[in-house]
Amino acid sequence: MVWDLKINICKRAVGSFFEWDKLDRAVGGKDKPLGASSVTGLLPLSEALLLGTKLHQQTRKAITKHQPALMAAIRKYNNYCEQLSQLHNPTWAIPLPAALPTTLVDLRNDPTLMQDVWITPSVGEVPQWLEDIDVHDGIRALLKHEHCLEEQRCLGIEADNILKRLKATLELLERWPTVLCSHSRYINRAEVAVQVADTIAGASQPSLRWLAPVVIDDHFNSPDEDMCGLTDLLGTDSTETPIESEQVALLDIDNQDDLEPDLEAETSSRVTLSWELPDVITVDCGVDMVKDIHVPAIMPTIIQASIDGVPRQTFLPSDTSLLASPQARLNDTCINGCATLLYSAFMPAAARCAVLSTHDLPRVRFHADDDLLWRNVSWTHFWEKPVWIIPIHCSLPVGHWVLCTIDFPSRKLLLFDSLAEQKPWKNEIKDIMWLVCCLSSIATQKMGMGTSRQDCGDWMARPVLLEPRQTNGHNCGIWVLAQMAAILRGYDITDVKENDITHFRHFL
Numbered sequence: 001m002v003w004d005l006k007i008n009i010c011k012r013a014v015g016s017f018f019e020w021d022k023l024d025r026a027v028g029g030k031d032k033p034l035g036a037s038s039v040t041g042l043l044p045l046s047e048a049l050l051l052g053t054k055l056h057q058q059t060r061k062a063i064t065k066h067q068p069a070l071m072a073a074i075r076k077y078n079n080y081c082e083q084l085s086q087l088h089n090p091t092w093a094i095p096l097p098a099a100l101p102t103t104l105v106d107l108r109n110d111p112t113l114m115q116d117v118w119i120t121p122s123v124g125e126v127p128q129w130l131e132d133i134d135v136h137d138g139i140r141a142l143l144k145h146e147h148c149l150e151e152q153r154c155l156g157i158e159a160d161n162i163l164k165r166l167k168a169t170l171e172l173l174e175r176w177p178t179v180l181c182s183h184s185r186y187i188n189r190a191e192v193a194v195q196v197a198d199t200i201a202g203a204s205q206p207s208l209r210w211l212a213p214v215v216i217d218d219h220f221n222s223p224d225e226d227m228c229g230l231t232d233l234l235g236t237d238s239t240e241t242p243i244e245s246e247q248v249a250l251l252d253i254d255n256q257d258d259l260e261p262d263l264e265a266e267t268s269s270r271v272t273l274s275w276e277l278p279d280v281i282t283v284d285c286g287v288d289m290v291k292d293i294h295v296p297a298i299m300p301t302i303i304q305a306s307i308d309g310v311p312r313q314t315f316l317p318s319d320t321s322l323l324a325s326p327q328a329r330l331n332d333t334c335i336n337g338c339a340t341l342l343y344s345a346f347m348p349a350a351a352r353c354a355v356l357s358t359h360d361l362p363r364v365r366f367h368a369d370d371d372l373l374w375r376n377v378s379w380t381h382f383w384e385k386p387v388w389i390i391p392i393h394c395s396l397p398v399g400h401w402v403l404c405t406i407d408f409p410s411r412k413l414l415l416f417d418s419l420a421e422q423k424p425w426k427n428e429i430k431d432i433m434w435l436v437c438c439l440s441s442i443a444t445q446k447m448g449m450g451t452s453r454q455d456c457g458d459w460m461a462r463p464v465l466l467e468p469r470q471t472n473g474h475n476c477g478i479w480v481l482a483q484m485a486a487i488l489r490g491y492d493i494t495d496v497k498e499n500d501i502t503h504f505r506h507f508l
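Heads up, the sequence shown is in UniProt numbering, so the first residue is 1 and it goes up one at a time.
What follows is the structure in structure tokens.
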């Protein structure tokens, strides 16, 4: 019903807009009076204007007649939108329609007027040009490159036109002198003009010669030709085999595979995702969240000294304000900083855990250097810990925080998602196991052969939550920290309810 009503509103609104435009052009003097253009040649001017006035009145009456039906449809549509917002569930993946303004001026400027109402969830993968930021940047760069070429051609044309006008002006010099002035006076005025031009420019400029703009063909459309003419400039190597376009496209992938040949050869882990709860799961019911401590509205910069091996932490006012706001989404600084605070708060029970940063998994994804990984992770002594905790930020389809707990004795990946979604984990667990393999290999290299590899063998990935606990779009980071607190205390899952999330924010 909302979909059909939105289409009806669009049709009525477009008709009203057309009639308003017709009146505005006639009243503002941008157009002839209504009806005058078609009858001026057949009737006297006075009769033509009278007929145009009648058409003007008929148009106003039509607008007045159609407006109540349009306003009634808009009010009905807005009521539907309000009901849908109350019944909406974020897990449905259906965007909510936006309410429409009830005035024609605001309705005309409303960008959501022509948007369709979603009635079914989106099926299939979202196109990369719609959601991938890198693809967006690539499209903008390509458009900017084409715009630069177009500007180059326009500037060349402008320069040619200026030179033509200058040439024509110089040719007129021979014809414009008069016998009333001496030839020496003309020469003196020309020299003065040159001096004035040099003074304005700051220095005498060398003579310039404008060349025709060079248009570079797209080498992807002509793979048999040399790339952008670079071969003609740099010369060819007779000992080098020509590279085909398919080889150029796969060159990055080949280089990426050559980065860690030994590590990939040593990796013999296999992980299976089973969307069932573990046979035994322990629930943390004892987090004491103090609720009566006053927290100032504006907090200064807080520097947490190094303790329990954790590096020094700095909390800026912008970060603490996110924790204080009940509807703010936490950023990576809040997640990493609060994780270290929870680690220190729950010692010595947390000593068995290695809390990794939110940046460690992206570093492995983008093949960061081993020394960089070691510098950022070695303080956790992860090679000595039986449990690893990894907070993960899922960027697709929207930003969302999840948590993975790696239990080495039982070779399990315990997955926590406050929305209880399964699909994102299919790709995440591959990256998680790659992180485990990379860090295990680096620890073996740095600490010597006495450090055994913990990643080999078969692994099982299971969720600790099958029903969603989060019903909004901003508390996922708080849920991750609550689950992290339960893991540090020695449990498998937190018992914090959604009503307690505000108190847990206060506790953090």
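We put the beta carbon where it would ideally sit given N, CA and C, even for glycine.
Pairwise C-alpha distance: residue j and residue i
| i | j | result |
| --- | --- | --- |
| Leu465 | Pro348 | 27 Å |
| Asp4 | Gly473 | 29 Å |
| Asn427 | Asn331 | 22 Å |
| Leu361 | Leu155 | 48 Å |
| Ala193 | Lys167 | 17 Å |
| Leu173 | Asp137 | 53 Å |
| Val402 | Trp479 | 8 Å |
| Ser418 | Phe18 | 50 Å |
| Leu414 | Val287 | 20 Å |
| Leu180 | Lys164 | 30 Å |
| Lys61 | Gly15 | 14 Å |
| Lys65 | Thr59 | 10 Å |
| residue 533 | Ser344 | Residue 533 lies beyond the stretch modelled for the chain, which goes from 1 to 508, so this question has no answer here. |
| Glu266 | Gln445 | Residue placement at Glu266 cannot be trusted, given a pLDDT of 46 that sits under 50; what the coordinates show is reported in the next sentence. Glu266 and Gln445: Cα-Cα distance of roughly 13 Å. |
| Ala443 | Val2 | 59 Å |
| Val496 | Phe504 | 8 Å |
| Asp106 | Pro468 | 39 Å |
| Ile63 | Asp21 | 11 Å |
| Ala324 | Leu87 | 28 Å |
| Arg189 | Asp160 | 27 Å |
| Ile139 | Ile119 | 30 Å |
| Glu171 | Ile162 | 14 Å |
| Leu142 | Val135 | 10 Å |
| Asn499 | Ala72 | 40 Å |
| Met227 | Lys11 | For Met227, the predicted structure reports a pLDDT of 41, less than 50, and the residue's modelled location is therefore unreliable. The matter cannot be settled from this model. |
| Gly337 | Ile157 | 58 Å |
Buried or exposed (CB count within 10 angstroms, at least 16 for buried), residue i
| i | result |
| --- | --- |
| Cys148 | exposed |
| Pro463 | buried |
| His400 | buried |
| residue 516 | Shown here, the chain extends from 1 to 508; a query on residue 516 therefore has no answer. |
| Leu439 | buried |
| Ala13 | buried |
| Gln470 | buried |
| Ala201 | exposed |
| Thr494 | buried |
| Glu68 | First, the amino acid is wrong: residue 68 is Pro here, not Glu. Pro68 comes out exposed. |
| Ser441 | buried |
| Ile487 | buried |
| Asp319 | buried |
| Asp455 | buried |
| Gln128 | exposed |
| Pro317 | exposed |
| Glu150 | exposed |
Contact check, residue i vs residue j, beta carbons under 8 Å
| i | j | result |
| --- | --- | --- |
| Trp425 | Leu322 | no |
| Arg365 | Leu373 | no |
| Leu96 | Leu113 | no |
| Pro300 | Trp379 | no |
| Ile429 | Thr405 | no |
| Gln483 | Phe408 | no |
| Lys385 | Ala420 | no |
| Arg270 | Trp92 | no |
| Tyr491 | Asp284 | yes |
| Leu508 | Ile335 | no |
| Asn376 | Ser395 | no |
Candidates the options, of which the one nearest residue i by Cα
| i | options | result |
| --- | --- | --- |
| Leu70 | Gln454, Ser184, Thr102 | Thr102 |
| Leu104 | Ile74, Ile94, Glu125 | Ile74 |
| Met433 | Ala461, Val117, Met1 | Ala461 |
| His367 | Ser318, Asp431, Arg411, His393 | Asp431 |
| Arg108 | Asn499, Ile9, Thr340 | Ile9 |
| Gln115 | Gln422, Gly457, Leu342, Ile7 | Ile7 |
| residue 518 | Leu277, Leu341, Ala351, Ile157 | This structure cannot speak to residue 518, because the chain is shown only from 1 to 508. |
| Cys81 | Thr502, Ala98, Ser410 | Ala98 |
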